[in-house]
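All letters in the sequence shown, in the order written, are residues 508 to 737 by my numbering.
I have placed the structure first, in the form of structure tokens, so that the comments after it can refer back to it.
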Amino acid sequence: MSTDKIDIPGLLSRMPLFSALSPEDLAHMAAATREKRLQKGDRLFQRGDQPKGFFLVVWGQVKLAFTSAQGNEKVVEILGPLQSFGEAVMFLDQPYPVLGEALADTLVLHIGAGAVFGQIEQDPRFARKLLAGMSIRLHTMVRDVESYALRSSTQRVIGYLLQLAESAPCAPKGEHAVELPTSKQVIASRLSLTPETLSRIFHELSDAGLISVQGKHIVIHDAARLAEHD
């Protein structure tokens with residue numbers, strides 16, 4: 508894990524939330540920001556902990572999840588670089604309803620609540636950006652729930668693979684090579700599937716000639732054909 512000193516004001520300025528802040532305001536926000544370095548498997552917070560601000564992922568990955576009474580884990584969200592989380596519970600002043608855990612060696616920034624509330628009082632535009640960001644996340648989660656309720660297991664997996672393909676370069680033959688960002692177990696939980704079901708669907712799509720799977724490396728041979736598969 509890198510121990511290089513990072514440019515906190517520079518990173519904050521790249522967030523849509525902070526993009527309109529003046530250098531003075533950014534410096535004030537940076538003064539209330541702390542680095543947190545995590546190794547894979549480290550807990551950032553437990554369900555029931557009290558929030559004191561919100562987080563920004565610099566590099567690495569963080570999963571948000573909760574555990575059922577039966578001990579099964581449900582992954583709610585997987586967050587990567589320059590994604591923020593925890594704003595809503597900070598405003599509600601309520602305990603975290605989920606746990607946060609590093610899926611890889613990870614660096615996050617913790618932005619203190621006091622600085623955020625102070626900026627809201629000074630600049631109403633800042634409050635609107637916060638609300639917009641939380642609204643986008645809410646709409647995304649509602650869309651996910653709708654997708655899980657109305658789409659088959661295979662359709663969910665295909666949708667996930669096509670989403671990964673959107674940011675992958677297209678080879679001359681029309682293929683897309685993608686890397687699963689985390690373990691198949693975590694991805695299965697995120698898609699509300701069992702790991703066995705995810706593996707079965709990967710095998711079925713491979714047998715149909717739509718994808719090739721080697722560990723976390725997946726080649727989508729024809730995205731259009733995959734999208735039409737049911």
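Heads up, the beta-carbon is just placed ideally off N, CA and C, and yes, glycines get one too.
Burial state of residue i (16 or more Cβ within 10 Å)
{"i": "residue 710", "result": "exposed"}
{"i": "residue 534", "result": "exposed"}
{"i": "residue 721", "result": "exposed"}
{"i": "residue 574", "result": "exposed"}
{"i": "residue 642", "result": "exposed"}
{"i": "residue 555", "result": "exposed"}
{"i": "residue 532", "result": "buried"}
Beta-carbon gap between residue i and residue j smaller than 8 Å
{"i": "residue 645", "j": "residue 547", "result": "no"}
{"i": "residue 565", "j": "residue 528", "result": "no"}
{"i": "residue 625", "j": "residue 594", "result": "no"}
{"i": "residue 560", "j": "residue 623", "result": "yes"}
Inter-residue spacing [alpha-carbon to alpha-carbon] between residue i and residue j
{"i": "residue 522", "j": "residue 683", "result": "29 Å"}
{"i": "residue 590", "j": "residue 563", "result": "6 Å"}
{"i": "residue 712", "j": "residue 673", "result": "19 Å"}
{"i": "residue 704", "j": "residue 628", "result": "50 Å"}
{"i": "residue 714", "j": "residue 688", "result": "23 Å"}
{"i": "residue 539", "j": "residue 607", "result": "21 Å"}
{"i": "residue 552", "j": "residue 537", "result": "21 Å"}
Identity of the residue in the options nearest residue i by Cα
{"i": "residue 571", "options": "696, 588, 584 and 620", "result": "584"}
{"i": "residue 772", "options": "731, 633, 660 and 587", "result": "No statement about residue 772 is possible, as the shown extent of the chain runs from 508 to 737 and does not include it."}
{"i": "residue 681", "options": "727, 517 and 707", "result": "727"}
Any non-hydrogen atom of the ligand PLP within 7 Å of residue i CB
{"i": "residue 593", "result": "This structure lacks the ligand PLP; in fact it carries no ligand of any kind."}
Are the region 541-555 and the region 657-668 touching, with three or more C-beta to C-beta distances below 8 Å?
no
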